[in-house]
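Colleague:
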Amino acid sequence: VYDLKLSTMRGKRAMNAVRGRILYDFSGSACEGYALQFRQVSELDSGEGKVIVSDLRATSWEDGAAKRLRFHSQNFFDENLRDAVDGQAERDGNGVAVELKVPGEKKLDLKNELVFPTEHVRRIITAARDGKSLLQVAVYDGSDTGEKLYNTLTVIGKPIAGDQATNPDPTTKNDKMKTLTRWPVTVSYYDRDAKTNSGEQTPVYAMSFELYENGVSRKLVLDYNDFVIAGAVDKFEPKESKPCK
Numbered sequence: 024v025y026d027l028k029l030s031t032m033r034g035k036r037a038m039n040a041v042r043g044r045i046l047y048d049f050s051g052s053a054c055e056g057y058a059l060q061f062r063q064v065s066e067l068d069s070g071e072g073k074v075i076v077s078d079l080r081a082t083s084w085e086d087g088a089a090k091r092l093r094f095h096s097q098n099f100f101d102e103n104l105r106d107a108v109d110g111q112a113e114r115d116g117n118g119v120a121v122e123l124k125v126p127g128e129k130k131l132d133l134k135n136e137l138v139f140p141t142e143h144v145r146r147i148i149t150a151a152r153d154g155k156s157l158l159q160v161a162v163y164d165g166s167d168t169g170e171k172l173y174n175t176l177t178v179i180g181k182p183i184a185g186d187q188a189t190n191p192d193p194t195t196k197n198d199k200m201k202t203l204t205r206w207p208v209t210v211s212y213y214d215r216d217a218k219t220n221s222g223e224q225t226p227v228y229a230m231s232f233e234l235y236e237n238g239v240s241r242k243l244v245l246d247y248n249d250f251v252i253a254g255a256v257d258k259f260e261p262k263e264s265k266p267c268k
């Protein structure tokens, strides 16, 4: 569980305060696949006496070989459903076939050089262990309308020993986590279909965090260009993973 608060304001979109929480419940293994339950609730105060409550709920399942992804999400504003997505994606020899049920029935054929979300994290960890500082890959996660494909640029910093910690939290205090290495990571997401007049494209959003080698993240920073939200780990409950049969 992450506690969220407004960190920085920039740009034209006025925001007096932001507070909220993220619940991230991840489980599974390479043989049974990886399941994620995610919920982000945020109170957005524009400073004009109006507070909007954003509530994003999402579930997904990705198989261990990163060949299939099922996804479902609902986005509420002030308890009113604004948009929803439901579908699945499957990799074959020639590409990735996406089948959407919501917001409307549609089939998409995407290029094969993309990765799904859990596979993306695994690749970042592999690159970090190999001493690499950059990773570029296209990511499909079923977000937005289910038709969006993101180009991502990941910048990986120098490794941090598990027992070194500024601003300690429940992850750094856990005995098992103290034996693990972590890296400062920033992932920028670019709209693959966006056209720019100049040669430089602004990311849709960026995420920074310290990534442990088991996939856990701390010191979360969400950069939405106009404002930045910081997320501190408030609660951490590691799960026992079952070995593959």
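The sequence shown begins at 24 in the numbering used here and counts up one residue at a time. Backbone N, C-alpha and C fix where the C-beta goes; we use that ideal spot for every residue, glycine too. It should be emphasised that the depicted structure is a prediction, and the values quoted were computed from it without experimental measurement.
1) Got a sec, what are the start and stop residues for the alpha helix (DSSP H) residue 151 sits in?
2) From residue 233 to residue 65, what distance separates their C-alpha atoms?
3) When the Cα atoms are used, what is the spatial distance from residue 230 to residue 241?
4) Taking residue 258 as the reference, which of 184, 191, 117 has the closest Cα?
5) Round the Cβ separation of residue 50 and residue 58 to the nearest angstrom and send it over; I've been treating them as touching at under 8 Å.
6) Taking the DSSP output, what are the residues bridged to residue 44?
7) Ignoring anything shorter than 3 residues, give me the beta strand (DSSP E) runs that lie fully in the stretch 162-244, in order along the chain.
8) Can you tell me which of the three DSSP states residue 32 falls into?
9) Can you tell me whether residue 104 is buried or exposed? The criterion is at least 16 other CB atoms within 10 Å of its CB, across all chains shown.
10) Looking only at C-alpha atoms, which of 71, 131, 123 sits nearest to residue 95?
11) Which stretch, first to last residue, makes up the beta strand (DSSP E) that contains residue 83?
12) Quick test of your reading: residue 91 and residue 111, contact by CB under 8 Å. State the CB separation rounded to the nearest angstrom.
13) Can you tell me whether DSSP reads residue 49 as helix, strand or coil?
14) So residue 122 is in the beta strand (DSSP E); what residue range does that whole segment cover?
15) Are the CB atoms of residue 212 and residue 224 within a distance shorter than 8 Å?
16) Do residue 130 and residue 120 have their C-beta atoms within less than 8 Å of each other?
17) Find the nearest neighbour of residue 210 within the set 203, 243, 114, judged by alpha-carbon distance.
18) Taking residue 235 as the reference, which of 264, 125, 144 has the closest Cα?
19) So, helix, strand or coil for residue 70, using DSSP?
Modeller: Taking the geometry as given:
1) Working through the sequence shown from its first residue, we reach residue 151 at position 128. Run containing residue 151: 140-152, per the alpha helix (DSSP H) assignment.
2) For the purposes of this step, residue 233 is taken as the residue at position 210 of the sequence shown. For the purposes of this step, residue 65 is taken as the residue at position 42 of the sequence shown. Using only the alpha carbons, I get a separation of about 22 Å.
3) Numbered from its first residue, the sequence shown carries residue 230 at position 207. Numbered from its first residue, the sequence shown carries residue 241 at position 218. Just so you know, the alpha carbons of residue 230 and residue 241 end up roughly 11 Å apart.
4) Numbered from 1 along the sequence shown, position 235 holds the residue referred to as residue 258. Comparing Cα-Cα distances from residue 258 to each of 184, 191, 117, the minimum goes to 191.
5) Translated into the one-based positions of the sequence shown, residue 50 becomes position 27. Translated into the one-based positions of the sequence shown, residue 58 becomes position 35. Their Cβ separation, rounded to whole angstroms, is 5 Å, which keeps residue 50 and residue 58 in contact under 8 Å.
6) In the sequence shown, counting from the first residue as 1, residue 44 sits at position 21. Per DSSP, the beta bridge partners of residue 44 are 26, 64.
7) Counting only runs of 3 or more, we get 173-179, 205-214, 228-235.
8) Residue mapping note: residue 32 aligns to position 9 of the sequence shown, counting from 1. Of the three classes helix, strand and coil, the one that applies to residue 32 here is strand, per DSSP.
9) On the sequence shown, residue 104 is found 81 positions in, with the first residue counted as 1. Answer is exposed; the Cβ neighbour count stays below 16.
10) Sequence index remark: in the sequence shown, residue 95 carries index 72 (1-based). Checked all of 71, 131, 123; the closest Cα to residue 95 is 123.
11) As a working mapping, residue 83 is identified with position 60 in the sequence shown. Its beta strand (DSSP E) spans residues 74-85.
12) Walking along the sequence shown from the start, residue 91 turns up at place 68. Walking along the sequence shown from the start, residue 111 turns up at place 88. The Cβ separation is near 7 Å, so the contact holds.
13) As a first step, residue 49 must be located in the sequence shown, where it is residue number 26. Residue state, collapsed to three classes: strand.
14) The residue you call residue 122 lines up with position 99 of the sequence shown. Taken as a continuous stretch (DSSP letters only), the beta strand (DSSP E) holding residue 122 covers 118-125.
15) Position 201 of the sequence shown holds residue 224. Position 189 of the sequence shown holds residue 212. In this structure, the beta-carbon distance from residue 224 to residue 212 does not fall below 8 Å.
16) Residue numbering aside, residue 130 sits at position 107 when the sequence shown is read from its first letter. Residue numbering aside, residue 120 sits at position 97 when the sequence shown is read from its first letter. With respect to residue 120, residue 130 sits close: the two C-beta atoms are nearer than 8 Å.
17) Here the question's residue 210 lines up with position 187 in the sequence shown. Answer by Cα proximity: 243.
18) For the purposes of this step, residue 235 is taken as residue 212 along the sequence shown, with counting starting at 1. Looking at the Cα atoms, 144 is the closest of the given residues.
19) The residue you call residue 70 lines up with position 47 of the sequence shown. Residue 70 falls in the coil class under three-state DSSP.
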